[in-house]
Amino acid sequence: MPTGIPAVGDLRVVLRQTRYAIVSSTRDSRGVVFGIVFPVVLLVLFNSIFSSGDNLTVNFHHHEVRTRAIFTAGMAAYAIMLQSFSTLSITMTTQRESGQLKRLRGTPMRPWTFVAAHVIRAVLFAFALVVALLLIGRLVFDVRLTAGALAGVAVYTALGAAVMATLGMAVTAFIPTVNAASSVGPFTAAILAFISGVFIPPDILPDWLAALGRVFPLEPLADGLQRAVTGVAGGTGLTVHNVTLLLAWGAAGLVVAARRFQWVPQGVGA
Amino acid sequence: MGALAIEVHDLHMRYGAEEAVRGIDLEVGRGEVFGFLGPNGAGKTTTIEILEGYRLRTSGRVSVLGVDPAAPTREWRDRIGLVLQECELDPLLTVAETLTLFAGFYSHPRPVDDVVQLVGLRDKRDARVGRLSGGQRRRVDVGVALIGDPELVFLDEPTTGFDPAARREAWAMIEGLKALGKTVFLTTHYMDEAQHLADRVAILRAGRIVALGRPTELIDGVENETMVTFRRPEPFDLAALRAWVGDAPEVAGDDVRLRTTDAQATLGRLLAWADEHALRLERLEVRRPDLEEIFLGLMSDRGLPGDADGDSGRG
Chain G
1 MPTGIPAVGD LRVVLRQTRY AIVSSTRDSR GVVFGIVFPV VLLVLFNSIF SSGDNLTVNF
61 HHHEVRTRAI FTAGMAAYAI MLQSFSTLSI TMTTQRESGQ LKRLRGTPMR PWTFVAAHVI
121 RAVLFAFALV VALLLIGRLV FDVRLTAGAL AGVAVYTALG AAVMATLGMA VTAFIPTVNA
181 ASSVGPFTAA ILAFISGVFI PPDILPDWLA ALGRVFPLEP LADGLQRAVT GVAGGTGLTV
241 HNVTLLLAWG AAGLVVAARR FQWVPQGVGA
Chain H
271 MGALAIEVHD LHMRYGAEEA VRGIDLEVGR GEVFGFLGPN GAGKTTTIEI LEGYRLRTSG
331 RVSVLGVDPA APTREWRDRI GLVLQECELD PLLTVAETLT LFAGFYSHPR PVDDVVQLVG
391 LRDKRDARVG RLSGGQRRRV DVGVALIGDP ELVFLDEPTT GFDPAARREA WAMIEGLKAL
451 GKTVFLTTHY MDEAQHLADR VAILRAGRIV ALGRPTELID GVENETMVTF RRPEPFDLAA
511 LRAWVGDAPE VAGDDVRLRT TDAQATLGRL LAWADEHALR LERLEVRRPD LEEIFLGLMS
571 DRGLPGDADG DSGRG
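If you read the protein sequences in the order shown, they are chains G and H. As numbered in this note's numbering, residues 1 to 270 make up the first sequence, in order. As numbered in this note's numbering, residues 271 to 585 make up the second sequence, in order.
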C-alpha cells in the first residue's frame, strides 16, 4: 500500500492540534472560571478560613504540619483533577455531541494524535495552575518548598495530570450528553476532594471516609503532593504506594478509553 | 484510475427489522455533480454515510475512488472532502484557525487564504466560528471540506437553513468546484438546487431509486406535459371552455389550469376562445413542469406501482 502521508508529519499534527486546543480552552470563559479561577479562589478561602493566626497545624502521617501546606498541596491536586478530568471530559463530550469528533474522523488524521494533543493540553494547564497555586502559597501564605519537594511536585503533577486525562477520556464514553458531562465532571471532583483530604485535612476525616477516599485516584495524588509540600518524609514525597496506585488508575483509564471512546454523537437522535 | 468516482451495486442497509436502503445501483463519473434527492427517511443520509465510510452496509458492492469505504484508509480520506449534517466546528476558533487546523491533516492542503476566498469569507477570516451566521458557518464547513484539495466532495444538504441570497452564493461556490474538476455528491431537499447544480440526479423513495437521469431528461420523460394557466375571467363557463379546447381545464383558486401534451394547439384554441368571447386572459402563463413537480409526482402514490406495499412492510 502507498504511504503517501509521511509519519514524521504526525508530531507536527500533534503540536498543531495542541496549539488550537490551548487557544480554544483559553477562550472558553466557563472553562477558565471553573478550571482556573475557582481553585485559586478556593486556595485563598481555605487558607484564610482555617488559619486564624499563622500557624494552625494538623496531624499528617504522625507529623504536626501547617494546615496551609496541606491546603496548598491539596488544592494543587484538585486543580489537576479539574483540568485533566473534569474540563477534559466536558470538552470531549461537547466535541462529540456537536459532531466535531465525527468530522475529525472523516479526515486522514490519526486518532492518537488527537488524544495526545488533548492530554498534552491538560498536562500543560495543570502544570501552569500548580505553579500559580504554589506561587500564591509561597507569596501569600509563606508555604516554602525545598528543591527535592519541587522535584516531587513536578513528578506528581505530570503523572497525576496524565492519569486524570486518561480517566477523563474513559469516563466520556459513558456520558451521553453535554449536560450530564457538566454535572459528572465537577461533581465527581468535588466529592472526591472531600474524601481525599483536599477540602478537609486527611487526619480529620473519619476512618471509613478516608478508606473510601483511598479507593479513588485523587487520594494518592493529593497525599503525594501533601507529602512533598509538607516535607514530612524529607525529600521528594514520592512513595511507591502512591505512584503505583496512580499508574494503575492510568492503565485502567487507558484500556477503557481505547476500547470505549466514541467519535459520533451518542445523544438523542444518534 | 477509472472513469467512475463512485460505483454502487445492489446496496442494502438493514437496521434490525427495518430496511432503510433496499437495493440501490448508481454510478457517478469523475468531474460530475451528482444530486441525490429524496424526502426525510428515504435513506439519503444512510447511503451517503455508507459512501463516506461512517457506516457499514448490510450487503452490496460499493467503490468510492476505487476503495471500499467499509475499510477506509488514510490515503483514501486524504482524497475526500465532507460536509456533514449537524456537525459543528469549534465555535471558539476563528475561520482561519479552523482551516489551518484541518489543513494539517492533509498531505497537500490548499493555502488557507485561497480557501477563505473561495468560500467568500475574506471579511470574516479572523472572526470566531461561533459568532458567524448560519449561512457563514456552513461556508466554513464547505471550506473545511475543500482544505485538503479533495478529488471528491460529499455535500450533505449544504444549503439547509440558508436565505435565498446565501443559497445563490453557495450555488456559485459549488459551480466553482465543478470548474476545478471536482466530483461532487450532493444531497438536498431543494429541487431547484438540484436542477440548477446537478449534471444528473437520483430520486430516492423508501430506500429505492425511483428516477435517475439528467434533470432535463426527467422533466422531458414525464408524460405530464405543459401547464397553461391564466386568471379565471368573469364571467366564466368551464363547460363551454372544455368544449372549445378539448383538454380538460380545471379551476384552482383564482386560476384556470390546462394540462396539455400539445401546447401549441391548446394555446391556439384557447386564444381563439378568448377572442370569440372578447375575454382578456390575465396572468397567462405557459410552463414546463420543474423538478419539484416531478419529485412531488414521484412521492405521491400515483405513478409508482408496487411501491406502496414496500412502505407498509417497514418497521
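Where a beta carbon is used, it is the ideal one built from N, C-alpha and C, also for glycine.
Asked                                                                                                                                                                         : Found
Less than 8 Å between the CB atoms is what I'm expecting for S86(G) and P186(G), so what's the real figure, rounded?                                                          : 5 Å
Tell me which residues of the region 337-364 of chain H have at least one Cβ-Cβ distance to chain G shorter than 8 Å, keeping chain order.                                    : T343, R344, E345, R347, D348, I350, L352, L354, E356, C357, E358, L359, D360, L362 and L363
What residues from the region 364-396 of chain H come within 7 Å of chain G, judged by C-beta to C-beta, listed N to C?                                                       : E367, L371, F372, G374, F375, Y376 and S377
From the beta carbon of E421(H), is the nearest beta carbon of chain G less than 8 Å away?                                                                                    : no
Which residues in the same chain have their Cβ closer than 8 Å to the Cβ of D419(H), if we skip the five residues on either side of it in sequence?                           : Y376, H378, P379 and R380
Please state whether the Cβ-Cβ distance between A69(G) and V229(G) is less than 8 Å.                                                                                          : yes
By alpha-carbon positions, which one of A257(G), P201(G) and G213(G) ends up nearest to R66(G)?                                                                               : P201(G)
Decide if the region 286-297 of chain H is in contact with the region 111-131 of chain G; the criterion is three or more beta carbon pairs, one per stretch, under 8 Å apart. : no
Taking the beta carbon of G573(H) as the centre, do at least 16 other beta carbons fall within 10 Å, making it buried, or is it exposed?                                      : Confidence at G573(H) is low in this model, with a pLDDT of 43, below 50, so its placement is unreliable and the value that follows should be read with caution. Result: exposed.
Do G483(H) and R470(H) come within 8 Å of each other at the CB atom, strictly closer than that value?                                                                         : yes
On the DSSP bridge list, what partners appear for E97(G)?                                                                                                                     : Beta-bridge pairing links E97(G) to no other residue.
Could you confirm whether any beta carbon from chain H is found closer than 8 Å to the beta carbon of V168(G)?                                                                : The sequence shown places Gly at residue 168(G), not Val. Closer than 8 Å: no.
Quick one: list the residues of chain H neighbouring G99(G), beta-carbon separation under 7 Å, in chain order.                                                                : L354, E356, C357 and E358
Please decide whether S89(G) counts as near chain H, where near means a Cβ-Cβ distance under 8 Å.                                                                             : no
Report yes or no: is there a C-beta of chain H within less than 8 Å of the C-beta of T107(G)?                                                                                 : yes
Which one of I473(H), T368(H) and I489(H) has the shortest CA to CA distance from P309(H)?                                                                                    : I473(H)
List, in order along the chain, the chain G residues whose C-beta lies closer than 9 Å to that of E322(H)?                                                                    : G106
Exposed or buried, what is G451(H) when buried is set at 16 or more other beta-carbons lying within 10 Å of its beta-carbon?                                                  : exposed
Looking at the secondary structure, which residues open and close the alpha helix (DSSP H) in which N179(G) lies?                                                             : V178 to I195
Below 8 Å on C-beta distance, what does Q17(G) contact in chain H?                                                                                                            : L371 and G374
Ignore the nearest five residues each way along the sequence and tell me which others in V41(G)'s own chain have a CB closer than 7 Å to its CB.                              : none
Counting Cβ pairs, one atom from each stretch, are 3 or more of them under 8 Å apart for the region 275-290 of chain H and the region 330-344 of chain H?                     : yes
If you drop the 5 nearest sequence neighbours on each side, which residues of the same chain put their C-beta closer than 7 Å to that of V163(G)?                             : P217, L246, W249, G250 and G253
For R347(H), collect the residues of the same chain with a Cβ closer than 8 Å to its Cβ; drop the 5 residues on either side in sequence, then sort them by chain order.       : G323
Excluding the 5 residues preceding and the 5 following G35(G) in the sequence, name in chain order all residues of the same chain whose CB lies nearer than 6 Å to its CB.    : L82, Q83 and T87
With a CB to CB cut of under 6 Å and the five nearest residues on each side skipped, what residues in its chain are close to L540(H)?                                         : V515
Taking DSSP as the reference, what is the three-state secondary structure of L307(H)?                                                                                         : strand
If you draw a straight line from the alpha carbon of G351(H) to that of G106(G), how long is it in whole angstroms?                                                           : 8 Å
Evaluate the contact criterion for the region 146-156 of chain G versus the region 201-215 of chain G: three or more CB pairs, one atom per stretch, below 8 Å.               : no
Determine the closest residue to P176(G) out of R260(G), T93(G) and G74(G), with distance taken between C-alpha atoms.                                                        : T93(G)
Listed in chain order, which residues of the region 19-40 of chain G have Cβ atoms closer than 7 Å to some Cβ of chain H?                                                     : Y20, V23, S24, R27 and D28
Mind the definition here: the region 512-532 of chain H touches the region 422-431 of chain H only if three or more C-beta pairs lie below 8 Å; say whether that holds.       : no
Could you tell me which chain H residues have their CB closer than 8 Å to the CB of G13(G), listed as they occur along the chain?                                             : The sequence as given places Val at residue 13(G); Gly does not occur at that position. G374 and F375, listed in chain order.
Under three-state DSSP, which class holds D348(H)?                                                                                                                            : coil
Could you check which residue in V44(G), N55(G), R96(G) and Q95(G) has the C-alpha nearest to that of T72(G)?                                                                 : V44(G)
Bridge partners for N59(G) per DSSP, in chain order?                                                                                                                          : E64(G)
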